[in-house]
Every structure is written in structure tokens, then in C-alpha cells.
Amino acid sequence: MIDHNCDSSSLKEHLENRLLEISSLARHNIELLSNEQVCLIQEFESMRKIMTDIVTTAASFYLKCYLSPYTAKYNDLSTCVQHLSERKHGALIVVERQDSLESLIRSNVPIGGTLSHALIESIFFPGNPLHDGAVLIRSDTVVSATNVLPLSNRIVTDRKMGMRHRAAIGLTEQCDALVLVVSEETGQASFAISGVLHPINVVT
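This is the structure in C-alpha cells:
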């Protein structure tokens, strides 16, 4: 379920500007294509960078749309993921949506606290005994920590994709949950839904 009414005008404006930019570059490169004296490799590299930015910006926009029907604490989630990303603190955060997750996750420590960015950041602080495994969020509550998720059986070739990413993909292959991931190696934030991982730029 997507909230098609979620408001993020700044992200939409950024997307529109970047799409216009890449459209202009594409038209310019088409004109240059017949000129054999011009090498367009650098121009194509510029287009690739713009497209990467478009994808991550679009993912950030749709993340809010995916989450807003299921938690009123979206801004807390966004803030905590941003802070974890900046500090390169690895994290795995499961947001339950319509499907029950009781049969898919195991070995958890009950929390039962109100969702806040401070609570989640403290759970994933390096050295905290609860930081391994996933946090489960249901509505506005942090239900449990140290949850073990099913791993994806798909062959993963991306060296930046560790166990957290495989777990995020694995769970979302089997249900409609959304899983937020922060890489402790790179600090890159992503979310998985329907078995697909999307890099994001998280903004508050």
C-alpha cells in the first residue's frame, strides 16, 4: 500500500529539475553523436551520475509514501537512519505493514517502547548487546530487538552487500514488510521492499 497523498514537494521539485537536466543533456549528446571527433564517454558518465541521483531521490520520496500509512513516526525513523548513516553505525529496522511477521522472524528481545530516533540509535550503538539482528517496529512501537530474519537465497555479487542486506531482501521476498538498512562499512542507507533493495538519501 502506498500513500499517494504524502507530501514531499521539495523532493518532487528536485526530481523535476534533475529530469529536465538529463533530458537536456540527452538532446545535446544526440546532436554530438554524429561528430566522430567528439568523445562522449565523459558526457555519458555525467548522465549516469544524474540518473543515480534521480533513483536515490525517488526512493527517498516513495519511502515516506510506503511508511506513512503504517506509522505516524516517519520523521523519527528518517532522523535515526540519517544519524546512523552519518556515524556508520550498522542497522536493520523492520517495519511491519499488513502481513504478520510472527512466523518469519525469531530470537527476539522484547522492547515495547514508543518509537523514537533516540531509542533506535541507542539500540544500534556499537557495543550495545542488542545491536546485532533487527529491530521490529509495529505502528508507533518498537516491539523487539535482536530479531533474526530469513536470508535471501539469491546470489549476491555486490561486495558492499553484507548479511544485513541479504536479510532485508530475504524477509521482503516473503512478506510486505519494509526493511531499512544502514551499512556499517559505507554508511549507505537503503530500504528493501518486495525483495528489491533501494539506496536512499534520508532527509528529515
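Position 146, counted from 1, in the sequence shown is what our numbering calls 146; the numbers after and before it change by one each time, with no gaps. Just so you know, even glycine gets a beta-carbon here, dropped at the ideal spot from N, CA and C.
Measuring only the C-alpha atoms, how far is residue i from residue j?
i	j	result
residue 63	residue 30	34 Å
residue 94	residue 47	34 Å
residue 129	residue 162	20 Å
residue 185	residue 164	11 Å
residue 187	residue 34	42 Å
residue 41	residue 13	28 Å
residue 103	residue 38	59 Å
residue 98	residue 141	15 Å
residue 36	residue 28	15 Å
residue 16	residue 86	27 Å
residue 121	residue 199	20 Å
residue 96	residue 32	50 Å
residue 154	residue 9	36 Å
According to the Cβ coordinates, are residue i and residue j closer than 7 Å?
i	j	result
residue 57	residue 11	yes
residue 79	residue 117	yes
residue 105	residue 67	no
residue 152	residue 169	yes
residue 119	residue 112	no
residue 144	residue 109	yes
residue 201	residue 60	yes
residue 182	residue 84	yes
residue 44	residue 91	no
Once you ignore the five residues that flank residue i on each side, which residues in its own chain have a CB closer than 8 Å to its CB?
i	result
residue 172	178, 179, 192, 193, 194, 195 and 196
residue 74	64, 67 and 68
residue 18	50, 53, 54 and 57
residue 26	47
Tell me which residues share the same chain as residue i and place their Cβ nearer than 7 Å to its Cβ, disregarding the 5 neighbours each side in the sequence.
i	result
residue 76	115, 116 and 117
residue 126	89
residue 175	99, 101 and 104
DSSP three-state label for residue i, please.
i	result
residue 105	coil
residue 138	strand
residue 146	strand
residue 114	strand
residue 91	strand
residue 40	coil
residue 67	helix
residue 84	helix
residue 198	strand
residue 191	strand
residue 130	coil
residue 180	strand
Below 6 Å CB to CB, which residues in the same chain sit around residue i once its five sequence neighbours on both sides are set aside?
i	result
residue 147	105, 108, 133, 134 and 136
Next item on the list: Determine, using beta-carbon pairs with one atom in the stretch 47 to 55 and one in the stretch 8 to 26, whether at least three such pairs fall under 8 Å.
Entry: Judged by Cβ distances under 8 Å, the stretch 47 to 55 makes contact with the stretch 8 to 26, as three or more pairs qualify.
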